[in-house]
Ligand code: FPP
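Residue numbers (this note's numbering): 78 to 332.
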């Protein structure tokens, strides 16, 4: 599926200078169902095109120099969908791993899963673990697949581990909590994109996204192409990130 740097395709130039590019971009890939409905197609087709689009966007992101991508593929709340659709989403991840893993590996993508492995069918769990092990030393692009992921659940899990580890109360601060999250060794997302016009985080990276720039577009995920990504990055480049400080401080100290 993914050709992060395709052999014969022209490179997509980064739309921003390197020091302005987001290192970590997270995406809520929403609108597959509505995309299909608008075309009189079954929802499965929306997910199929959505999966194809992931290939396109990962390619573009790799070429533009984005280092970390986190995608929301299945939330803890998605278990409430009709069983056939839940099964289909499990199957999609399995197929993506089966068909694309070697190419992803060759292209230097490090695959990571964030979320609860418990609850996912055993065969898929094994595939996810194997894929992570195979690609663990790759460094071209880190791809976090949030699957059976919920932000509140992630925080509860972190608190449990902190207590289990017997961390003294006076050592518990924001840095420590961050380290106990799935993304503990990664920078927070600079930019969170949500497609399909909704204006919610939907339990996605709720701790890590505290200072992320949010970008929403009405485009449904299957139609969110390279140009749409470029637009999102250009908009990000126009934002002033202040992290709670004043403009004057930012100018003086830089950030
Ligand atoms: C939202 O569309 C999308 C999802 C629930 C996730 C599906 C994501 C993909 C198929 C991309 C690749 C997936 C993996 C596992 C790597 P929706 O069904 O919520 O759309 P709607 O809100 O229009 O009904």
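Glycine included, C-beta positions come from ideal geometry on N, C-alpha and C. These numbers come from a predicted model, not from an experiment.
Annotation: the stretch 154-216 contains the following complete segments of the alpha helix (DSSP H) (minimum length 4 residues), in chain order: 160-183, 199-212. Taking one beta carbon from each stretch, the stretch 143-150 and the stretch 220-239 have 3 or more pairs nearer than 8 Å; the two touch. Residue 141 is not a Cβ neighbour of residue 106, given a cutoff of 9 Å. Residue pairing for residue 290: DSSP places it in a beta bridge opposite 268.
One alpha carbon belongs to residue 156, the other to residue 196, and they sit about 10 Å apart.
Taking C-alpha positions only, residue 212 is separated from residue 133 by approximately 20 Å. Residue 150 sits in a strand when the DSSP states are folded into three classes.
Counting along the chain, the unbroken beta strand (DSSP E) around residue 220 starts and ends at 218-226.
Around the Cβ of residue 320, a 10 Å sphere holds fewer than 16 other Cβ atoms; the residue is exposed. Ranked by how close their Cα comes to the Cα of residue 104, the residues 325, 296, 315, 329 have 296 in first place.
In this structure, residue 301 has its CB at a distance of at least 8 Å from all heavy atoms of the ligand FPP.
If you check the CB distance, residue 259 and residue 191 come in under 9 Å. In the three-state reduction of the DSSP assignment, residue 91 falls in the coil class.
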